[in-house]
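Engineer:
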Amino acid sequence: MSRSMLSISIYVAAVSIITALVRAFLQSNLYTPVPSPTYDFVIVGGGTAGSLIAAELALSHPNHSVVLLESGPGVRNNPLSEQSVPGGAVHNIAFGNIDWGHTVEPQRTPLNTEDIPDGYTYNDRSYPIPRGKGLGGSNELNFMLHVRGTTKDYETWEAMTGGDPRWGPASMQSAEDEYQAAITFASKPNPHLLANDWVEAAGTSHYNKIQGSYNDPKVIREGGFHYEHAVRDGVRQSTARQFLLPRMGLRNLDVVVGANVEHILFHSQQEDSGVRAKGVALSLDACVVTSLSVPDLGTLIPNMRCLFGGRQSKDVGRRMEVIARKEVILSAGAYETPHLLLKSGIGPKDELRASGIDALVDLQGVGKNLQDHPIAPLKYRLGKEGGAW
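This note's numbering numbers the first residue of the sequence shown as 1 and each following residue consecutively.
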């Protein structure tokens, strides 16, 4: 590389870093250090759903106050962060600043059988369950795959909610259309030649090859295909980046990061009136924006305190209550939402009592029926002509 080209490269890199830091500086001013005592709507969890709910609710109801309470850090919307780089997704869990750190209980037997093959033992093996912690939630941690629900999925949801059409195919697919209007989805423009060969090979088998997009409701999802990813101009997209950050300047919206909601508060229970939430109890941690890190090199800049509006040291560890005049909305994810309900006394009565928790509502479904999608990758080492793996 010539000296002039090296100088240009250094200049471009320096400008990019300075721009990213200035943007982070300005964005950090938008966070609310300490929530007010009351709001119309209190949203717990700023993940994939919570970020979207807060943004849309505040925009569509300008005369109502909304607070979004997120336990994890804020998010920076630029390519100079570990979770922004699509190729760095596999490294996200290793840094731990945006993951809850859940793991599976130690496994002692193979799945679906009590018979352990000869010469093989699980040795109490465990493995991580990645769950995003911070604005954007698992949108900021995952592999950015875009997979729409199927008609059958939503028919099942509608039946499970007693025939509520809001969870049915027409309503849910309409919501997905609106979501897709704001976020770009596409397959990789130049997939690896082996990926192309695999998809073509699938087309010669009884599994076939999916023609067009597998997200088309009219397409049967059986066969080989290339995944669609939520990536725009080489940078990860998420509900926090595409929906929440652009609206954090709204006067009726407060976003509080480092807010650990401990349990739900309820109105005094009246006969025949049931149990009604009135707010939440929380403790405050430091207000930070996620660290600046890159694959293989690690953390270059540690978690940054929120500037101008960042939480004062005297407020860290502070406990307080936030009351909702209208609704408390739980959107803390598939694990933390039922966990919060259980800690607050809503769930299977016998299990709550066994854990020393007073049961307010005996609701058997809480903490049950988890649906997940474990990945079982197969890796093959190739020759010199075929690539690295």
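Each residue gets a CB set at the ideal place from its N, CA and C atoms; glycine is no exception. For clarity, every value in this text was computed on a predicted model and none was experimentally measured.
Using only the alpha-carbon positions, how far apart do Gly399 and Asp254 sit?
Structural biologist: Nothing about residue 399 can be read from this structure; the chain reaches only from 1 to 389.
Engineer: What do you reckon, are the CB atoms on Val361 and Val261 nearer than 7 Å?
Structural biologist: In this structure, Val361 lies away from Val261, with their beta-carbon atoms at least 7 Å apart.
Engineer: Which same chain residues, not among the five before or five after Thr103, have their C-beta less than 8 Å away from its C-beta?
Structural biologist: Ser126, Tyr127, Pro128, Ile129
Engineer: Does the separation of the CB atoms of Glu70 and Val231 fall below 7 Å?
Structural biologist: Not closer than 7 Å, so no.
Engineer: Quick check: Ile329 and Ile43, are their CB atoms within less than 7 Å of each other?
Structural biologist: For Ile329 and Ile43, yes; Cβs fall inside 7 Å.
Engineer: Hey, quick one: how far does the beta strand (DSSP E) through Leu282 stretch, first residue to last?
Structural biologist: Looking at the DSSP string, the run of the beta strand (DSSP E) that includes Leu282 is 277-284.
Engineer: Please state the DSSP three-state secondary structure of Glu327.
Structural biologist: strand
Engineer: So does the segment 219-230 actually touch the segment 138-148, counting three or more Cβ pairs closer than 8 Å?
Structural biologist: yes
Engineer: DSSP state of Asn63, grouped into three classes?
Structural biologist: coil
Engineer: Using three-state DSSP, classify Arg232 as helix, strand or coil.
Structural biologist: strand
Engineer: Between the alpha carbons of Glu140 and Ile98, how many angstroms are there, rounded?
Structural biologist: 8 Å
Engineer: Inspect the CB distances between the segment 196-213 and the segment 166-179 and report whether three or more fall short of 8 Å.
Structural biologist: no
Engineer: To the nearest angstrom, how far is the alpha carbon of Glu158 from that of Asp315?
Structural biologist: 44 Å
Engineer: Mind checking which residues open and close the beta strand (DSSP E) that includes Ala390?
Structural biologist: Here the chain has residues from 1 to 389 only, and residue 390 is not among them.
Engineer: Can you list, in chain order, the residues of its chain with a C-beta nearer than 7 Å to that of Lys399? Leave out the 5 residues immediately preceding and following it.
Structural biologist: Since the displayed the chain opens at 1 and closes at 389, residue 399 lies outside it and no answer follows.
Engineer: Considering only residues of the same chain and omitting the five flanking positions on each side of Thr151, which have a CB-CB separation below 7 Å?
Structural biologist: Pro169, Pro217
Engineer: If you count every other CB in all the chains shown that lies within 10 Å of the CB of Gly163, and 16 or more means buried, which is it?
Structural biologist: Of the residues assessed, Gly163 falls on the exposed side of the cut-off, its CB having fewer than 16 other CB atoms within 10 angstroms.
Engineer: Identify the residues that DSSP records as bridge partners of Ala186: which are they?
Structural biologist: His229
Engineer: Should Tyr207 be labelled buried (16 or more other beta-carbon atoms within 10 Å of its own) or exposed?
Structural biologist: exposed
Engineer: I need the straight-line Cα distance from Leu265 to Pro165, nearest angstrom please.
Structural biologist: 30 Å
Engineer: Taking the alpha-carbon of Met320 as reference, which of Ser60, Ile357, Ile183, Ala281 has the nearest alpha-carbon?
Structural biologist: Ala281
Engineer: Does the beta-carbon of Ala388 have 16 or more other beta-carbons within 10 angstroms, so that it is buried, or is it exposed?
Structural biologist: The predicted position of Ala388 is uncertain, since its pLDDT is 48 and thus under 50; a value taken from the coordinates is nonetheless stated next. Per the 10 Å Cβ criterion, exposed.
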